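In short: position in the first sequence from 1, add 1, done, that's the numbering used here. A virtual CB, placed ideally from N, CA and C, is assigned to each residue, including glycine. Predicted model only: the values in this text are computed from it and were never measured.
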Amino acid sequence: MISANRLRSIAFWSHDLNEREIEQARRGIVEKAYPKGAFICHRGDNFEAWTGIVSGLVRFCMTSASGKTATLAGLRTGSWFGEGTVLKNELRQYDLVAVRDSQLALMNRATFMWLFENSVGFNRFLVRQLNERLGQFIALLEYDRTLDATTRVARSIAWLFNPVLYPVAETQIEVSQEEIGLLSGVSRQVANSSLKALEAKGLVRLEHNGLTVLNLDRLRNFGE
DNA sequence: GCATTAACAGCCG
DNA sequence: CGGCTGTTAATGC
2 MISANRLRSI
12 AFWSHDLNER
22 EIEQARRGIV
32 EKAYPKGAFI
42 CHRGDNFEAW
52 TGIVSGLVRF
62 CMTSASGKTA
72 TLAGLRTGSW
82 FGEGTVLKNE
92 LRQYDLVAVR
102 DSQLALMNRA
112 TFMWLFENSV
122 GFNRFLVRQL
132 NERLGQFIAL
142 LEYDRTLDAT
152 TRVARSIAWL
162 FNPVLYPVAE
172 TQIEVSQEEI
182 GLLSGVSRQV
192 ANSSLKALEA
202 KGLVRLEHNG
212 LTVLNLDRLR
222 NFGE
């Protein structure tokens with residue numbers, strides 16, 4: 002269980018909830034720390050919590066039978082995920098790995114379902130989020146075949162600043178070039194040269210263990 | 001050719 | 001010192 006204030010600060014969707022709904026939500030959430038490299042869940046797990054990232058960075062990926070992993074998305078502080086699995090009450094279809102030390106908020110399924118049945122504000126949030134994710138995965142379809150490394154890096158960064166998924170007017174993120182590589186599906190060296198190419202075009206500013214987005218629109222549409 | 005791994009020096013916190 | 005960055009060399013698809 003967490004306090005109402007804590008809920009407000011870690012879950013932007015709670016701003017659309019009424020008093021009674023906030024009370025239910027905060028009682029159904031616990032926080033848990035995951036060290037760098039830890040699996041939050043594996044494909045096939047019955048991990049039934051709806052999950053929010055309080056701090057850290059999580060990679061959402063799939064591992065093929067041959068052992069190769071494909072990153073589907075990077076999830077940063079402020080994102081909530083797993084609603085598809087919780088709604089359908091099924092096993093996880095993917096792996097979740099903490100890219101670095103991360104603090105997560107776990108909402109139990111009963112609480113999630115109560116909000117789903119009772120809260121208009123919560124449902125509005127869910128529809129918006131599902132719709133945005135759908136766009137994200139449709140965009141992934143062209144990814145592997147048609148996009149060069151720099152374009153993939155550009156779009157991976159753009160997703161980390163998606164205004165619907167992360168409704169905070171923030172332009173800076175603490176992330177190493179190695180982590181960008183993991184999220185983009187390229188090596189650290191390629192991530193490095195791609196990032197420098199994006200910096201030369203004035204789309205981002207590189208910092209030590211971090212970067213600032215200077216032009217989100219051009220990043221999102223990079224390569225078109 | 002392009003991307004990846006390996007390796008290393010330099011830099012930053 | 002430990003982790004991150006910028007580069008180069010060797011290797012693989």
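Going by DSSP, what residue range makes up the beta strand (DSSP E) through residue i?
i      : result
Trp51  : Trp51 to Ser56
Ile41  : Phe40 to Cys42
Leu105 : Ser103 to Met108
Since residue i sits in a beta bridge, which residues does DSSP pair it with?
i      : result
Ala170 : Answer by DSSP bridge pairing: none, since Ala170 is not bridged.
Val181 : According to the sequence provided, residue 181 is Ile. The question's Val does not apply to it. Paired residues: none, contrary to the question.
Ala71  : Met63
Ser195 : According to DSSP, which records beta bridges pairwise, Ser195 is partnered with nothing at all.
Trp81  : Gly53
Under the assumption that residue i contacts residue j (Cβ atoms under 8 Å), give the Cβ distance between them as a whole number of angstroms.
i      : j      : result
Phe138 : Leu217 : That pair is no contact at about 20 Å.
Thr64  : Asp96  : 6 Å
Leu105 : Tyr35  : 6 Å
Glu175 : Arg189 : With 8 Å as the limit, Glu175 and Arg189 do not qualify as a contact, their Cβ atoms being about 17 Å apart.
Ser15  : Ile3   : That belief does not hold up - the Cβ atoms of Ser15 and Ile3 are roughly 11 Å apart, past 8 Å.
Leu184 : Leu141 : Incorrect: roughly 12 Å between the Cβ atoms, too far for contact.
Val169 : Arg129 : No, Val169 and Arg129 are not in contact; Cβ-Cβ is about 15 Å, not under 8 Å.
Ala39  : Gly83  : Actually they do not touch by this definition, with Cβ atoms about 16 Å apart.
Looking at residue i: is its Cβ nearer than 8 Å to the Cβ of residue j?
i      : j      : result
Val59  : Ile41  : yes
Ala155 : Leu199 : yes
Gly85  : Phe13  : no
Arg221 : Gly186 : no
Gly57  : Ala26  : no
Phe123 : Phe117 : yes
Ile158 : Val205 : yes
Ile30  : Met108 : yes
Val87  : Phe61  : no
Arg93  : Gly45  : yes
Leu196 : Leu207 : yes
Arg101 : Lys37  : yes
I need the DSSP call for residue i, collapsed to helix, strand or coil.
i      : result
Arg206 : strand
Asp218 : helix
Leu97  : strand
Leu212 : strand
Leu76  : strand
Val31  : strand
Phe223 : coil
Ser1   : For residue 1 there is no data in the structure shown, the boundaries of the chain being 2 and 225.
Phe48  : coil
Glu2   : Before going on, a small fix: residue 2 reads as Met here, not Glu. Reduced to three states, the DSSP call for Met2 is coil.
Leu92  : coil
Glu175 : coil
Between which two residues does the alpha helix (DSSP H) carrying residue i extend?
i      : result
Ser10  : Ala5 to Ile11
Glu20  : Glu20 to Arg28
Phe126 : Val121 to Leu142
Asp87  : Residue identity check: residue 87 is Val in the sequence provided, not Asp. It spans Glu84 to Lys89 - the alpha helix (DSSP H) in which Val87 sits, taken as one unbroken run.
Trp160 : Ala150 to Leu161
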